[in-house]
Amino acid sequence: MTPFPHLFRPLDFGFMRLANRLLMGSMHTRLETLDRPNQRLARFYAERAKGGVALIVTGGFSPNEEGLLEPGGPILNSADQLAEHRHITRAVHAHAGKIALQILHAGRYAKVAAAVGPSSIASPINSRAPRRMTLADIQRTIEDYALTASLAREAGYDGVEIMGSEGYLINEFTAPRCNDRDDDWGGSLDNRLRFPTEVMRRVRQRTGDDFLVIFRVSSIDLVEGGLTGAEIAALARAVEAAGANIINQGIGWHEARVPTIAQRVPRAAWSFAARLLKAAVQIPVVASNRLNTPELAEAILARGDADLVSMARPMLADPEFANKARQGHSEKINVCIACNQACLDLIFSGRAATCLVNPKAGRELDFDLPPSTQRRRVGVVGAGPAGLACAVTAAERGHQVTLFEAERGIGGQLNLARNVPGKEEFDETLRYFATRITELGIALRLGCRPDVAALAAFDDIVIATGVSPRIPDIPGIEHGKCVSYVDLLAGRQRAGERVAIIGAGGIGFDIAEYLSAPAAGMATPDSHFRAEWGVDAKILRPGGLLEPTAPPPRRHIVMLQRKSGRMGRRLGLSTGWALRLTLAKRNVAQLSGVTYGHIDDAGLHIEVEGRPQLIAADTIVICAGQEPARGLHQALKSAGRGAHLIGGAERAAELDAVRAIDQGTRLAYGLGAQDGPQ
Ligand code: NAP
Ligand code: SF4
Numbered sequence: 003m004t005p006f007p008h009l010f011r012p013l014d015f016g017f018m019r020l021a022n023r024l025l026m027g028s029m030h031t032r033l034e035t036l037d038r039p040n041q042r043l044a045r046f047y048a049e050r051a052k053g054g055v056a057l058i059v060t061g062g063f064s065p066n067e068e069g070l071l072e073p074g075g076p077i078l079n080s081a082d083q084l085a086e087h088r089h090i091t092r093a094v095h096a097h098a099g100k101i102a103l104q105i106l107h108a109g110r111y112a113k114v115a116a117a118v119g120p121s122s123i124a125s126p127i128n129s130r131a132p133r134r135m136t137l138a139d140i141q142r143t144i145e146d147y148a149l150t151a152s153l154a155r156e157a158g159y160d161g162v163e164i165m166g167s168e169g170y171l172i173n174e175f176t177a178p179r180c181n182d183r184d185d186d187w188g189g190s191l192d193n194r195l196r197f198p199t200e201v202m203r204r205v206r207q208r209t210g211d212d213f214l215v216i217f218r219v220s221s222i223d224l225v226e227g228g229l230t231g232a233e234i235a236a237l238a239r240a241v242e243a244a245g246a247n248i249i250n251q252g253i254g255w256h257e258a259r260v261p262t263i264a265q266r267v268p269r270a271a272w273s274f275a276a277r278l279l280k281a282a283v284q285i286p287v288v289a290s291n292r293l294n295t296p297e298l299a300e301a302i303l304a305r306g307d308a309d310l311v312s313m314a315r316p317m318l319a320d321p322e323f324a325n326k327a328r329q330g331h332s333e334k335i336n337v338c339i340a341c342n343q344a345c346l347d348l349i350f351s352g353r354a355a356t357c358l359v360n361p362k363a364g365r366e367l368d369f370d371l372p373p374s375t376q377r378r379r380v381g382v383v384g385a386g387p388a389g390l391a392c393a394v395t396a397a398e399r400g401h402q403v404t405l406f407e408a409e410r411g412i413g414g415q416l417n418l419a420r421n422v423p424g425k426e427e428f429d430e431t432l433r434y435f436a437t438r439i440t441e442l443g444i445a446l447r448l449g450c451r452p453d454v455a456a457l458a459a460f461d462d463i464v465i466a467t468g469v470s471p472r473i474p475d476i477p478g479i480e481h482g483k484c485v486s487y488v489d490l491l492a493g494r495q496r497a498g499e500r501v502a503i504i505g506a507g508g509i510g511f512d513i514a515e516y517l518s519a520p521a522a523g524m525a526t527p528d529s530h531f532r533a534e535w536g537v538d539a540k541i542l543r544p545g546g547l548l549e550p551t552a553p554p555p556r557r558h559i560v561m562l563q564r565k566s567g568r569m570g571r572r573l574g575l576s577t578g579w580a581l582r583l584t585l586a587k588r589n590v591a592q593l594s595g596v597t598y599g600h601i602d603d604a605g606l607h608i609e610v611e612g613r614p615q616l617i618a619a620d621t622i623v624i625c626a627g628q629e630p631a632r633g634l635h636q637a638l639k640s641a642g643r644g645a646h647l648i649g650g651a652e653r654a655a656e657l658d659a660v661r662a663i664d665q666g667t668r669l670a671y672g673l674g675a676q677d678g679p680q
């Protein structure tokens with residue numbers, strides 16, 4: 003008996019039965035930019051089908067050239083393309099999975115010269131103004147959706163999802179924000195709903211009644227000039243009447259200035275909007291966004307907020323998510339921590355997605371290596387992200403592993419990161435690794451700093467001793483008001499009311515967030531999130547937006563860096579904007595182009611453009627980067643003993659958990675093997 007009875011209840015459509023209520027949501031992976039793209043995609047989806055998810059929705063395929071997200075983007079508009087799709091559908095069906103193709107016309111978000119929209123109003127995130135569609139364009143485009151759907155059926159897909167949210171073409175027709183037409187396709191609500199309804203109707207007509215059609219509705223637009231809750235309900239009813247089998251929940255347009263899936267968004271923050279959709283229609287509704295555990299999914303279904311639950315990133319993090327949950331082993335799930343660092347941030351920078359906590363995601367073929375023929379004794383020193391990944395993977399490969407950690411617990415820098423508001427999700431990663439260490443029988447030596455002699459018996463030694471905070475050479479740095487970010491985040495020191503932060507890398511920003519967060523605890527409850535970002539849970543006004551409210555700033559904070567120009571340019575592409583906006587709302591000041599003078603009782607003395615300034619501060623937090631901690635590696639080297647160096651100990655600059663975990667995993671595959679993964 004599964005502990006998640008609502009999640010594992012089948013859903014029967016008569017012509018098709020879903021094994022459970024878990025759907026893998028659509029995500030464009032950019033795997034097509036790697037070698038062997040078709041094999042990679044087929045394998046990627048097949049692993050998830052094998053992992054027990056009931057239905058997979060592919061990344062978006064445009065129904066025509068105008069709707070491409072970018073030149074060369076995914077498109078399905080001709081029978082010539084069916085072979086590559088059959089490869090994917092067969093791979094999924096081989097594991098008794100089901101797969102639907104998403105049809106996505108990018109509308110005014112299309113980064114192609116021929117971009118079209120209901121009006122020629124450009125979006126704030128794409129400088130190209132779309133060409134206003136003629137009546138003939140509209141009819142042809144509806145026909146293109148229908149053709150793509152019928153081709154999908156021919157290719158063996160079990161259904162299609164019509165992408166009607168996130169600000170793409172269908173959304174654009176529905177919202178006065180970018181539909182200024184005065185013909186049958188704009189103006190009144192009925193007219194604005196005509197395009198989605200016609201697309202749905204024509205797709206149903208062309209594919210028949212025994213084909214799954216999911217319609218993704220924007221359940222809250224989060225932009226000025228978006229729909230009200232009542233209008234969204236009318237849209238959902240209209241597509242239901244036109245033949246949709248399922249309504250999937252979309253949240254926020256891409257141009258919205260409200261984060262929707264980042265770590266700072268509380269888990270299940272959008273279930274209120276799923277509930278509104280569910281109240282509007284009779285057909286099943288899917289809840290989505292910021293759902294990452296079976297417990298959350300079960301609670302949503304048990305409350306009746308939705309009938310299915312969609313997770314996209316969590317399926318990258320752990321392809322076995324569904325099977326583990328069904329068997330009652332949610333503690334074994336490698337939970338998606340909503341960091342976006344190795345999925346969306348890579349996709350947005352033109353690279354293929356993978357996953358911070360699971361570097362094998364999207365790279366399954368690279369890890370198809372035969373098990374190691376030798377069982378080697380592997381000593382890993384340092385249980386931060388790099389060491390943990392290496393130890394666990396080496397043990398999975400059959401090696402006998404001992405993991406040494408100087409502190410009383412595993413995690414290294416993750417133990418600091420987890421104290422930053424919104425980054426509590428790192429607890430899941432620590433829990434996952436702790437579970438794997440026990441399951442795999444790794445010998446864990448906590449509070450232990452092995453020396454050269456203690457490591458002599460190992461066949462392979464891996465040094466993952468991490469980093470030490472850099473102490474900048476500023477006169478007065480030893481003053482009592484100077485604290486390291488490490489002591490602050492570890493709770494060993496407290497900050498006063500006036501704070502200067504030296505260094506504005508990822509950690510300087512984390513500290514600014516930590517010190518400026520509202521006093522009421524670390525976790526951001528839903529109500530606080532909605533107040534801070536101006537989200538109306540009743541969606542009474544267009545777009546579901548209200549005036550944001552924020553508590554008065556807790557501290558006077560100044561961030562400083564020596565470089566000139568805007569701060570935070572290296573923050574995550576998909577999350578940095580929200581962090582910068584949050585700090586701006588909390589009146590955190592930023593000073594670039596600084597020359598540090600000295601520190602005394604009055605505070606931090608600096609120069610900016612040759613002019614001296616005093617930053618009066620009670621606390622000066624040092625976030626000036628790190629140096630690799632390589633003492634043990636040097637000692638081994640002096641003793642003539644070779645060792646592998648990974649993580650921050652290998653390269654402190656630009657260290658992050660993505661690189662650390664990837665490097666640790668790949669090294670472990672190489673131990674005792676002829677060739678490691680590429
Ligand atoms: P970092 O990104 O290298 O930034 C170090 C900061 O210290 C820079 O702003 C640098 O700016 C300043 N600095 C360097 N040397 C200095 C010196 N001698 N005196 C004074 N200031 C100095 O390092 P970090 O902030 O410690 O972050 C470490 C890694 O963790 C980074 O790779 C980061 O990406 C990652 N991280 C990521 C996240 C995330 O959310 N993705 C969060 C936290 C950390 P100037 O040289 O211009 O003064
Ligand atoms: Fe989730 Fe981060 Fe992995 Fe993306 S990279 S799937 S957000 S854990």
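Numbering (our numbering), first residue to last: 3 to 680. All residues carry an ideal CB built from backbone N, CA and C; glycine is no exception. Please read these numbers as outputs of a predicted model, since none were measured by experiment.
| query | Is the stretch 632 to 645 touching the stretch 527 to 536, taking contact as three or more C-beta pairs under 8 Å? | reply | no
| task | Specify, as a first and last residue, the run of the alpha helix (DSSP H) that G61 falls within. | result | That residue, G61, is in no alpha helix (DSSP H); its beta strand (DSSP E) goes L57 to F63.
| task | Just mark E549 as buried or exposed, buried being the case when its beta carbon has 16 or more other beta carbons within 10 Å. | result | exposed
| task | With DSSP collapsed to three states, give me the class of C392. | result | helix
| Closest to L106 by CA distance: which of T667, I216 and S121 is it? | I216
| task | Check each candidate in E300, R653, I617 and V454 and name the one with the smallest Cα separation from L2. | result | The structure shown does not extend to residue 2, since the chain is modelled only from 3 through 680, so no value can be given for it.
| A354, DSSP secondary structure in three states | coil
| query | Would DSSP call H95 helix, strand or coil? | reply | helix
| request: Taking D462 as part of the beta strand (DSSP E), name the residues at either end of that continuous run. | output: D462 to I465
| query | Counting pairs of beta carbons, one from the stretch 591 to 601 and one from the stretch 564 to 572, are three or more of them closer than 8 Å? | reply | yes
| query | In or out: C180 buried (at least 16 other Cβ within 10 Å) or exposed? | reply | buried
| task | Note down, in chain order, each residue of its chain lying with its Cβ closer than 7 Å to the Cβ of G578, except the 5 sequence neighbours on either side. | result | G570
| task | Give the C-beta separation of N79 and T31 to the nearest angstrom, bearing in mind that I take them to be a contact with Cβ-Cβ under 8 Å. | result | Not quite, the Cβ-Cβ distance comes to about 20 Å (not below 8 Å), so this is no contact.
| query | Going straight from the alpha carbon of M661 to that of E68, what length do you get? | reply | The residue asked about is misnamed: residue 661 is Arg in this sequence, not Met. Distance between the alpha carbons of R661 and E68 is about 37 Å.
| said: Among the candidates I302, S190 and L13, whose CA atom is the shortest distance from the CA of I285? | reply: L13
| request: Give the DSSP-derived three-state secondary structure of T667 in the structure shown. | output: helix
| message | ligand 1 and A506: does any heavy atom of the ligand fall closer than 6 Å to the residue's C-beta? | response | yes
| said: For a test of your reading of the model: does the CB of N247 fall under 6 Å from any non-hydrogen atom of ligand 2? Yes or no. | reply: no
| query | Contact check, L84 vs I77 under 8 Å by CB: the rounded distance? | reply | In fact, because the Cβ distance is near 13 Å, the residues do not count as touching under 8 Å.
| said: Between A44 and I90, how many whole angstroms is the CB-CB distance? I'm expecting something under 8 Å. | reply: 5 Å
| task | Assign M202 to one of three DSSP states: helix, strand, or coil. | result | helix
| Does D139 have its Cβ less than 7 Å from a Cβ in chain B? | This model lacks chain B altogether; it includes just one protein chain.
| task | Kindly provide the ranges of any beta strand (DSSP E) runs that are 3 or more residues long and lie completely inside the stretch 389 to 449, ordered along the chain. | result | 402 to 407 and 445 to 448
| message | So if DSSP puts Y598 in a beta bridge, which residue, or which two residues, is it bridged to? | response | I608
| Buried versus exposed, by CB contacts within 10 Å (16 or more), T295 | buried
| message | Closer than 8 Å is the cut-off here; do at least three beta carbon pairs connect the stretch 384 to 393 with the stretch 48 to 56? | response | no
| task | Determine the extent of the alpha helix (DSSP H) in which H635 is found, giving its start and end residues. | result | G633 to S640
| message | Under 6 Å: does the beta carbon of G666 sit that close to some heavy atom of ligand 1? | response | no
| task | Spatial neighbours of R19 within its chain, please: CB distance less than 8 Å, with the 5 preceding and 5 following residues excluded, ordered by chain position. | result | P12 and L13
| task | In the DSSP assignment, find the beta strand (DSSP E) that holds E297 and state where it starts and stops. | result | Taken as a continuous stretch (DSSP letters only), E297 belongs to no beta strand (DSSP E), being part of the alpha helix (DSSP H) at P296 to R305.
| query | So P555 and S518 are in contact, right, with Cβ under 8 Å, and what is the actual spacing, rounded? | reply | 6 Å
| Taking just the CA atoms, how far does L669 sit from P630? | 19 Å
| In or out: Q1 buried (at least 16 other Cβ within 10 Å) or exposed? | Beyond the ends of the chain as shown, which are 3 and 680, falls residue 1; an answer cannot be given.
| request: Would you mind sorting L24 into buried or exposed? The rule is 16 or more other CB atoms within 10 Å of its CB. | output: buried
| Contact set, ligand 2 heavy atom to C-beta under 6 Å | R315, L318, A319, C338, I339, A340, C341, N342, Q343, A344, C345, C357, L358 and V359
| message | On the CB-based measure, 16 or more other CB atoms within 10 Å of its CB, does A108 come out buried or exposed? | response | buried
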